[in-house]
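Enquirer: This is the structure I have questions about; it appears just below.
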Amino acid sequence: MDLLLRDVTPADAEAVVRILNPIIEARLYTVFDQRFTVDAERDYIARFPSRGVWKLAVRQPGGEVVGFQVLEPFGPYTTSFDHVGSLGTYVALDQRRQGIASALFPATFHAAVQKGFEKIFTFVRADNPAALAVYTGQGFTVVGTAKRHAKIDGRYIDEVLIERALDGRWAGAFSGANG
Ligand SMILES: CC(C)(COP(=O)(O)OP(=O)(O)OC[C@H]1O[C@@H](n2cnc3c(N)ncnc32)[C@H](O)[C@@H]1OP(=O)(O)O)[C@@H](O)C(=O)NCCC(=O)NCCS
Numbered sequence: 001m002d003l004l005l006r007d008v009t010p011a012d013a014e015a016v017v018r019i020l021n022p023i024i025e026a027r028l029y030t031v032f033d034q035r036f037t038v039d040a041e042r043d044y045i046a047r048f049p050s051r052g053v054w055k056l057a058v059r060q061p062g063g064e065v066v067g068f069q070v071l072e073p074f075g076p077y078t079t080s081f082d083h084v085g086s087l088g089t090y091v092a093l094d095q096r097r098q099g100i101a102s103a104l105f106p107a108t109f110h111a112a113v114q115k116g117f118e119k120i121f122t123f124v125r126a127d128n129p130a131a132l133a134v135y136t137g138q139g140f141t142v143v144g145t146a147k148r149h150a151k152i153d154g155r156y157i158d159e160v161l162i163e164r165a166l167d168g169r170w171a172g173a174f175s176g177a178n179g
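The opening position of the sequence shown corresponds to residue 1 in full-length UniProt numbering, with each subsequent residue numbered one higher.
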């Protein structure tokens, strides 16, 4: 699949919720538990921090948005965490296992290094082995499990804590994405 990797804009809000809401409704993959409206998403994108990275994967030709990855500052309440980002990855449910997440990671890593991030620290639902496989395949290591950390539809779910260092490798050599 040919993919264009580019930064999100507020005009992408509808495409983003078209991917995200079915993932939320499946109740299996994410700790988001409420659907997003297009208006709320547009507003969120418009307010997205300039230090964040939000990459879309757009199928070529055709221009269909088939996945995205969002990296946000981990703890904006202190400068101590300025070098740490948290990451979410979302691929359209009917487009999985075609290398879309694999294409997004290097674009996000590259942009994250450019913006001064040195590591990513994030969470994956313990009952989402596909996500864990994708992240560990991208160099993330498991650093622990937060027990009964999410509660969705009255059911507790553990969260697996994962992290990955970003080194200078991602700063210069990468040329696979624009934006
Ligand atoms: C997890 C997710 C992002 C993976 O995206 P994807 O585009 O399907 O992943 P890729 O095709 O790039 O897969 C890369 C590798 O990850 C591993 N992988 C992906 N899906 C897998 C699965 N269901 N089971 C086991 N390994 C899997 C494989 O090693 C795969 O390589 P391969 O296909 O050559 O064997 C996607 O399934 C998704 O969006 N799921 C719903 C939302 C979600 O769970 N997000 C993560 C939480 S933030």
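Ideal placement from N, C-alpha and C gives every residue a C-beta, glycine not left out.
Are the segment 47–54 and the segment 105–121 touching, with three or more C-beta to C-beta distances below 8 Å?
Expert: They touch, by the three-pair rule.
Enquirer: Compute the beta-carbon to beta-carbon distance between glutamate 159 and histidine 149, rounded to the nearest angstrom, for a pair I have assumed lies under 8 Å.
Expert: Indeed they touch by this definition, with Cβ atoms about 4 Å apart.
Enquirer: In chain order, what residues of the same chain have a beta carbon less than 6 Å from the beta carbon of isoleucine 19, not counting five sequence neighbours either side?
Expert: Answer for isoleucine 19: Tyr90, Ala92, listed in chain order.
Enquirer: Across which residues does DSSP place serine 86 in a beta bridge pair?
Expert: Looking at the DSSP assignment, serine 86 forms a beta bridge with Glu72.
Enquirer: Among Gly75, Ile23, Ala101, which one has its Cα closest to the Cα of alanine 57?
Expert: Checked all of Gly75, Ile23, Ala101; the closest Cα to alanine 57 is Ala101.
Enquirer: Rounded to the nearest angstrom, what separates arginine 125 and alanine 133 at their Cα positions?
Expert: Going by the C-alpha atoms only, they are around 12 Å apart.
Enquirer: So, at 6 Å on beta carbons, what are the nonlocal neighbours of methionine 1 in its own chain, with the 5 sequence-adjacent residues on each side left out?
Expert: Answer for methionine 1: Gln98, listed in chain order.
Enquirer: Just to confirm the assignment, what range does the alpha helix (DSSP H) spanning glutamine 114 have?
Expert: Looking at the DSSP string, the run of the alpha helix (DSSP H) that includes glutamine 114 is 100–114.
Enquirer: Would the beta-carbon of proline 22 be found less than 7 Å away from any heavy atom of ligand 1?
Expert: No, the beta carbon of proline 22 sits no closer than 7 Å to any heavy atom of ligand 1.
Enquirer: Please classify valine 17 as buried or exposed, where buried requires at least 16 neighbouring CB atoms within 10 angstroms.
Expert: When all chains shown are included, valine 17 counts as buried.
Enquirer: Threonine 122: buried (16+ other C-beta within 10 angstroms of its C-beta) or exposed?
Expert: Buried, since its Cβ has 16 or more Cβ neighbours within 10 Å.
Enquirer: Identify the continuous beta strand (DSSP E) that holds arginine 27 and give its terminal residues.
Expert: Taken as a continuous stretch (DSSP letters only), arginine 27 belongs to no beta strand (DSSP E), as it is neither H nor E.
Enquirer: Can you tell me which of the three DSSP states leucine 166 falls into?
Expert: Leucine 166: coil per DSSP, three-state reduction.
Enquirer: Figure out for me which residue from His83, Phe68, Gln69 has the closest Cα to the Cα of glycine 75.
Expert: Nearest of His83, Phe68, Gln69 to glycine 75, Cα basis: His83.
Enquirer: Can you tell me whether alanine 173 is buried or exposed, with buried defined as 16 or more other CB within 10 angstroms of its CB?
Expert: At alanine 173, the pLDDT of 45 sits below 50, so the modelled position is not reliable; the number obtained from the coordinates is stated separately. So alanine 173 ends up on the exposed side.
Enquirer: My assumption, with CB atoms under 8 Å, is that isoleucine 157 sits in contact with aspartate 127. Please give the rounded CB distance.
Expert: Right, their Cβ atoms sit about 6 Å apart.
Enquirer: Count the other CB atoms within 10 Å of the CB of arginine 42; is the residue buried (16 or more) or exposed (fewer)?
Expert: That one is buried.
Enquirer: Just how far apart, CA to CA, sit phenylalanine 39 and alanine 46?
Expert: A small fix is needed here, since residue 39 is aspartate in this sequence, not phenylalanine. Approximately 11 Å between the Cα atoms of the pair.
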